[in-house]
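Take a look at the structure below.
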Amino acid sequence: MALNKNITTNQRSLGKAILSLFIGIVITSCAGTDSSVQKKGEENPNLVKAGTPTADSLAEGMPEFARSVFKGTLDSVPGECYYHVTNGRIDALLQKEGNQYKNIAYIIYDSPNEQNSYELRTDNSRYKVKNAVLAVEEVFPNYFKEYWNNGKIKSTAKGLLYRDNQGVVKVDSGRSEIYFESGKIKELNGWKDKQGITSKQWNENGVLIKDLDFPRSCTEYWDNGKIKQKLEGIIYKDDQDIIRVDSGHSEIYFENGKIKERNDWNGKLLIAQKEWDEKGTLIKEFAFPKYFKEYWNNGKIKQIGTGLLYRGDQGNLQVDSGHSEIYYENGKIKEQNDWKDKLPVTHKLWNENGILVAELDFPKNFKGYWDNGNLKNILTGVLYRDDQDDFALDSGHSEIYYENGKIKEQNDWKDKLPVAHKLWNENGVLIKEFIFPKYYKEYWNNGKIKGIMTGVLYRDDQGNFVLDSGISKEYSENGKMLVQKGWKNKQVVLCKQWNEKGVLIKDINFPKYFKEYYDNGKIKENGTGLLYRDDQGVFKMDSGHSEIYSKSGKKIEQNDWKDKLVITHKQWNEKGVLIKELSFPKYTKEYYDNGKIKSEMTGLLYWNTPTDLEIENGSKKEYYENGKIKLQTDWKDKQGIAQKEWDENGSLTVEWDIPTSHLKSYNENGTIYLEINGYTGQTDTLVENGYLTMYFDNGKPQIQIQYKEKKDIGKKAWHENGTLMMEEDLLKGFHKEFFENGNMSREILGKFHYDDNKMILENASEKRWYENGNLQSEIVFPKYAKKYFNNGAPNTELKGTLYYDDQGTIQVKEGFRKEYYENGRMLGSANYKEKKKVNAKVWHENGTLKLELDFPKYEKVYSEKGTPIMELEGTLYYDDQGKIQVQDGFQKLYYENGRMMGVVNYKEKKEVSKKSWKENGNLVYEFAFPKYEKTYSEKGTPIMELEGTLYYDDQDKIQVQNGVQKVYYENGQLMGVINYKEKKEVGKKSWHENGNLIFELVFPKYEKVYSENGNIFAELEGTLYYDDQNKIRVQDGFEKVYYENKKVASHKIYKEKRLVGKTEWYKNGNMSISVELPKRYREFYDNEKIKVEASGTIVEENESFKIKDGIYKEYSPSGEVTYSATYKDFQIISEKK
C-alpha cells in the first residue's frame, strides 16, 4: 500500500475543498421552480415605439445620416417598429411580429461617447461613417462604394456582388473602380463569374502601368510609360493568381526600354527563350528539347548542351543523351561531358591554366590530378556510383597521392570493401595498415607502434575492425604499454591498464576478481568472488566481497554480496563517521553527519528491486535532526498497518489506523481538525465506506458526510453556535434545512437524488417557509407543486404529472398550470399533454384577455385594449425549439390601429403565400408558392420578381425551378433577367445602368459577353452544357474571343466535348496558330510564314498538344528547316539539326 506521507501539508487545503463543494451542493439544492409566463413589468424597458413623441425626440439626437437611413427603413417596412435605446441613445430599429422582435437596422458606435464614427446596417445595406464623413456605402448585391476621408470616392463596384468566405464584398459579374485620394483613377476592372477579364491600372501621375484583356493579353508598364512585360496568346492565372502564358509569346523589358527576355510557350511550358543583360548582350538561350546555351557578360560562351534535353526536378534544363561543355570567362574549356540516360559516361575537367584535373572512362577507370599536373588519385577495375552519386570501386585497386607526388594511400577492393590497406603521412611514415581478417596496426607519426590487434578480426555495424578472439595492445607515443586485453567470443576476459607513469590502474580477471587503483597506486575499489556482466557490459558482483576506498586510503564502503544483492553494507563519511549500515534481512539505518539517527527500518526486510529495500514485517521511523521522532509506520505482511506524524516540537499531527481506516488530523494547538472513518489513503476518493467529519476551531463539528461505496448518502452541517443547519439522509429519504434561530426553512420527505449538484425529487414531498414562518411553497412530486406570496395568496400552481426539464426546473407533463397576480387576479392558465400546451389563456392585469390557445386549432394574441395583434389558425405544431408554428393554415399580424400588417398561408409547414403592407396600406411584398414572389420599394416600383415554378433549396430559400427571375435598379430600370429550366440557367441577360448589354445566355445554344462600349468580347455557340463545377462549356460548336479592335483573337472548335480544331491570330490579323486534329499542327511568325509544323497523329490533353506518331519540323524566319524529328508512341526515334 502506498502511504500518504504529506497529509500534514495537505489537510487544510483538502478540508477547504470539501467545504466549498458541500456549500455549493447546499446552495444549488435550494433552487425553486420557475415560471414560463411573462408578467407585466417584465417587458424590455429599452424599447421605445417609433412614432411616439419620446421616440421622435430620441431620433433628433441621432447623427443626421443615421437618422435619414432609419427613417427610410421605417417607411419601407410594414408593422409596428421600436427603437432600442442604450444610455439614452438609439442603437437599433426593431420590427414587431406578434410577440417577437426582428432587428431590421442597427448602429455600432466606435466608442460609448462617440457620435460621429459608427457603422450602420439594415437588411441589405451597410454604411460606415468616420468623423461624420461617409466612408462605406453598400447596397447588397447591387453596388458598393468606399470613400476617402476627404469625401472623394476610394472604390466602387457595380453589377452582381457576392461575399467571400471572410465576408468581403467582391464582384461576380460587373465592373469595379479604385481611385487615389487625389481623385485620379487607379484601377478599372471588368468581371465575369468572379474572374477579372479586363483591367487597367494607372500610377498617381496618370501613367498606364497595366493593361489586361483576359485571356488574350496582358501588358505591364514602367512608371516612365515604357513596356515592362508583355504576354500574348492564351493566358491564365495560376494557383497564386499570377497571370502566365499557356500558349503564346511573352517579353520582358528593362526600364530603359531594352529587351530583357523573349519567351515562347506551349501547354504552360517554356519551349524557347532568349535573355539579355542591360547592355543588350545575349546571356542565355535555349530551344527545348534540342539545345541550351549560356554566355558570360563579355559575350563568350559559358556553357552549352546539345542532344536530347529534359527538365530536372527544379525545372532546370539538363542533358539526357548528348554532349555538354562548360567554359571559363576567358574562353578556355573547363569541363567536357558525354551523356547517356542522364548520366555522364566520359568526363574531362581542366583548371583555369588549362591543366587537366580529372578524367573518367566509366566504368573502367577514374583519374584525378593536382593543379601542378601530378596524379592525385586513381581507381582501376570495376567502378560504380554510390548513394551520393560519387564514383567508387567494386573490385580493383586504388591509390591516393600527396601534391608532392608521394604515395598517401593504397587499397585493394573486393565486393565494395577494402581487404588490404596502407596509409602514409606526408613524410612517408607508415601510420596504418591491415590485412583482413588477420591483423590491424596503427603507428604514431614517429613510427612507433600505437595499437595492434592480432587473431581473428570482424567488422562491426559501423564498419570498424573488432577482435573476435585474440590479443589487443595500446601504446603511448614514447613506446610504453597502456592497455592489454585478452578476447574470447567478442568479449574481454583479461584486462590490464597503466597510466603514463607505468602505474597499474586497472586489473581484471573475469570472472574471478576486479581491482581499480588511484594514480598514486593506492587501491580505489576491489571485488573478489564471482563477477558477471550487466546489459551494458559493465563488470559487477554476483557473490563475494567488495570495498571502496578514498584517495587518502580510508575505507568508505564495504559490501557482501549474494545472488547479485547486497546482504551486508557499511558506509562512512570522510571523517570516519558511520552514515549508513545494513544487515539483511534484519535492519538498515541512516545517520546524520553528527552521528544521530536519521531513519531506520527494522524487522523482516526484503528487496523489492535490487536497489529498493522494503519491510515485510516491522516498522520504519524517521527523525528530525534534533533527535525527535518525525514519522513512524508499522508493517505486517508487506502492508502498512499504522502511521503517525509529529511536528518538530513533538506534537502529534496525524494518526492513521490503516486496518480500521481511521484517520485523525490535528491543529497546531492539538484540537482535532479532520476525522475520517473509512479513509482510503487516496486523494481523489478519500472515503469508501464511512464518515468524514470536519470541526470548527472550537472543537465543535462543522460538517459530517456519510459514504457508502464511495458515494455520499447523508450529510449534516451545523452553525458555529452548535445549532443544526442542515440534515440529509438519502437512504431514509429526508432533507431538512434550518434558519440560525432554529426554525425550519425547508423539508423534503421521500426519494430524491442529485444530478450535477442539482437536487431532483423522484417520489417525494417538499415544503419551504419564509423566515417569518409563512409557507412559501409545497411540492408532492410528481403530483403537484404550489407557490405562495408572503401574504399567503397563491402565486403558481402545477398539477397532474410533473417532470424536470433539462435545466432542472419542474414542469407539467400531463395536467394544468395556473398563475396569479399578487392582488389575487388570474394571470394565466394552461393545460398540458405530453409536455406540450394544448390550451391556455393569459390575461392583462386590467382583466382583458392577452392570449388564448386551443392546440392544434389556433393561437391568438390581443393588446391591452382588446384589439388583435397576432393570429395562428389551422393545424398547428411544435417545432424543435418548442415554439408553436403553423403546419397547414395561416398566420396574421396587425398594426396597433387594427390594420392588417401581413398574412402568411402555410401548407405542410412551408409558406405557400404571403403578403405584407405598410401601415398606410401600401403593398411591400407578395408571394404565392409555387407561382411567384415579388418585392416592392416604398414607392411601389418592383425590386425583384420570381415567377414560374418555385421550390425550396437545401437552405430553405425560395429558388426558381422553371421560370424567370428579374432584378431592377432603384430607378425601376431592368438590371437583369434569368430564365430557368429544371433549376439550371437556360437564358440570361444583364444590362449596365445606362442600358448597354453586358451578358446574354440562351442555353444550350449560345453565350455572349460584351465590353462596356458594346463590342463583342467572347462568345460560345452550338450545343452547350454544364460541367462538374457548374460552368458552361461547349459540347459541339465553337468558342471565339475578340480583340478590342473587333478582330478575332482565337477560334476553337469542339466535338463531343473534345477540342478538334483551333486557330489563333495576332492583333494585326495574321494567323499565329492553326490546329486540325488529329492530323496537323502549325505555328506562324507574325508575317504568316511557317514557324513550326507537325503532321501525323496529334493528341490533345487539357488543350495542350502532343505528337503520338508523325513528323515535327521547325523553320527559321527565312523558311529554312532548322530541326526535324520523327515520333513513334510519343518518343523521338530519329532527329536532324
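Numbering-wise (numbering that gives the first Met the number 0), the sequence shown opens with residue 0 and increments by one.
Glycine residues also receive a C-beta, built at the ideal position from the N, C-alpha and C atoms.
Original post:
According to the neighbour-count rule (16 or more other Cβ atoms, all chains shown, within 10 Å of its Cβ), is Q701 buried or exposed?
Top reply: Counting other Cβ atoms within 10 Å of its Cβ, Q701 reaches 16 or more and is therefore classed as buried.
Original post:
Taking all protein chains shown into account, do 16 or more other C-beta atoms lie within 10 angstroms of the C-beta of F1129, making it buried, or fewer, making it exposed?
Top reply: A residue is called buried when at least 16 other Cβ atoms come within 10 angstroms of its Cβ; F1129 does not meet this threshold and is exposed.
**OP:** Give a yes or no on contact between the segment 508 to 524 and the segment 465 to 481, applying the rule of three or more CB pairs nearer than 8 Å.
**Re:** Under the Cβ criterion (8 Å, minimum of three pairs), the segment 508 to 524 does not count as touching the segment 465 to 481.
Original post:
From which residue to which residue does the alpha helix (DSSP H) around K70 run?
Top reply: Where K70 is concerned, the enclosing alpha helix (DSSP H) stretches over 63 to 75.
Original post:
Where does the unbroken alpha helix (DSSP H) through D1137 begin, and where does it stop?
Top reply: Nothing about residue 1137 can be read from this structure; the chain reaches only from 0 to 1136.
Original post:
What does K574 pair with, by DSSP beta-bridge criteria?
Top reply: DSSP output for K574 lists no bridge partner at all.
**OP:** May I ask you to verify whether the segment 117 to 134 touches the segment 51 to 70, counting CB pairs closer than 8 Å and requiring at least 3?
**Re:** Yes, the segment 117 to 134 touches the segment 51 to 70.
Original post:
Is K965 closer than 7 Å to E981 when the C-beta atoms are compared?
Top reply: Taking 7 Å as the Cβ cut-off, E981 and K965 do not qualify as a contacting pair.
Original post:
Where in the segment 750 to 783 do unbroken runs of the beta strand (DSSP E), each at least 3 residues long, occur, reported from the N-terminal end onward?
Top reply: As far as the segment 750 to 783 is concerned, its whole beta strand (DSSP E) runs of at least 3 residues are 757 to 768, 774 to 780.
Subject >> Secondary structure of P867, DSSP reduced to three states >> reply: DSSP places P867 in strand when its eight states are reduced to three.
Original post:
With C-beta atoms as the reference, is G575 less than 7 Å away from K595?
Top reply: No, the pair does not count as a contact, with Cβ atoms beyond the cut-off.
Subject >> beta strand (DSSP E) segment containing E946, residue limits >> reply: Element bounds for E946: 941 to 951.
Subject >> Beta-carbon proximity check, N373 vs G367, cutoff 7 Å >> reply: Cβ atoms of N373 and G367: not closer than 7 Å.
**OP:** Sort G1118, E1113, P1116, Y1126 by Cα distance to I1097 and report the nearest one.
**Re:** Minimum Cα distance to I1097 is reached at Y1126.
Original post:
Considering only residues of the same chain and omitting the five flanking positions on each side of G78, which have a CB-CB separation below 8 Å?
Top reply: Sequence-distant partners of G78 (beyond 5 residues in either direction) whose C-beta falls short of 8 Å from its own C-beta, in its chain, are Q94, K95, E96, L892, Y894, M900, G901, S915, E918.
Subject >> Own chain, CB closer than 6 Å to G31, minus 5 neighbours either side, in chain order >> reply: With a pLDDT of 38 at G31, under the threshold of 50, the predicted position of this residue should be treated as unreliable, and no value is reported.
**OP:** Drop a sphere of 10 angstroms on the beta-carbon of N675, count the other beta-carbons inside from all chains shown, and report buried for 16 or more, exposed for fewer.
**Re:** The amino acid occupying residue 675 in the given sequence is Ile; Asn does not appear at that position. Buried.
Original post:
Alpha carbon to alpha carbon, what distance is there between K514 and T453?
Top reply: Each residue's alpha carbon lies about 26 Å from the other.
Original post:
Going straight from the alpha carbon of K38 to that of Q681, what length do you get?
Top reply: Caution applies to K38, whose pLDDT of 33 falls short of 50 and renders its modelled position unreliable; the value that the coordinates give is listed next. It is roughly 52 Å from the alpha-carbon of K38 to the alpha-carbon of Q681.
Original post:
DSSP state of Y82, grouped into three classes?
Top reply: Three-state DSSP puts Y82 in a strand.
Subject >> Bridge-paired residues (DSSP) for F464 >> reply: Its beta-bridge partners are R458.
Subject >> Anticipated Cβ contact below 8 Å, F583 with T567, distance rounded >> reply: Yes, F583 and T567 are in contact; Cβ-Cβ is about 7 Å, under 8 Å.
Subject >> Meets three-Cβ-pair contact criterion under 8 Å: the segment 219 to 232 and the segment 242 to 252 >> reply: They touch, by the three-pair rule.
Subject >> Secondary structure of H843, DSSP reduced to three states >> reply: In this structure, H843 counts as coil in the three-state DSSP scheme.
**OP:** Quick one: give me the first and last residue of the beta strand (DSSP E) that Y517 is part of.
**Re:** For Y517, there is no enclosing beta strand (DSSP E), as DSSP marks it with neither H nor E.
Original post:
Hey, S989 and F998 are a contact pair by Cβ (cut 8 Å); roughly how many whole angstroms apart?
Top reply: F998 and S989 do touch by the CB rule: their CB atoms are close to 5 Å apart, below 8 Å.
Original post:
Ends of the beta strand (DSSP E) at D656?
Top reply: Unbroken beta strand (DSSP E) run through D656: 651 to 656.
Original post:
Going by alpha carbons, who is nearest to Q703 out of S744, D696, G689, N697?
Top reply: Minimum Cα distance to Q703 is reached at G689.
Original post:
CA-CA distance, Q302 and K1054?
Top reply: Per the coordinates, the alpha-carbon of Q302 lies some 47 Å from the alpha-carbon of K1054.
**OP:** Buried or exposed for L852, please, with buried defined as at least 16 other CB atoms from any protein chain shown within 10 angstroms of its CB.
**Re:** Buried, by the Cβ-count rule.
Subject >> Inside the segment 693 to 737 only - beta strand (DSSP E) runs reaching at least 3 residues >> reply: If we require 3 residues or more, the beta strand (DSSP E) runs fully inside the segment 693 to 737 come out as 700 to 707, 710 to 717, 723 to 728, 733 to 737.
**OP:** Using 10 angstroms around the beta-carbon of Q705, count the other beta-carbons present and answer buried if the total reaches 16, otherwise exposed.
**Re:** Classification of Q705: buried, given that the 10 Å Cβ count is 16 or more.
Original post:
In this structure, what does DSSP give as the bridge partners for W1064?
Top reply: M1070.
**OP:** Tell me whether I451 sits in a helix, a strand or coil according to DSSP, three-state version.
**Re:** When secondary structure is reduced to three states using DSSP, I451 falls in the strand class.
Subject >> Per-residue DSSP class, three states only, for N444 >> reply: Three-state result, N444: coil.
Original post:
Hey, how far is the Cα of T379 from the Cα of D411?
Top reply: Taking C-alpha positions only, T379 is separated from D411 by approximately 10 Å.
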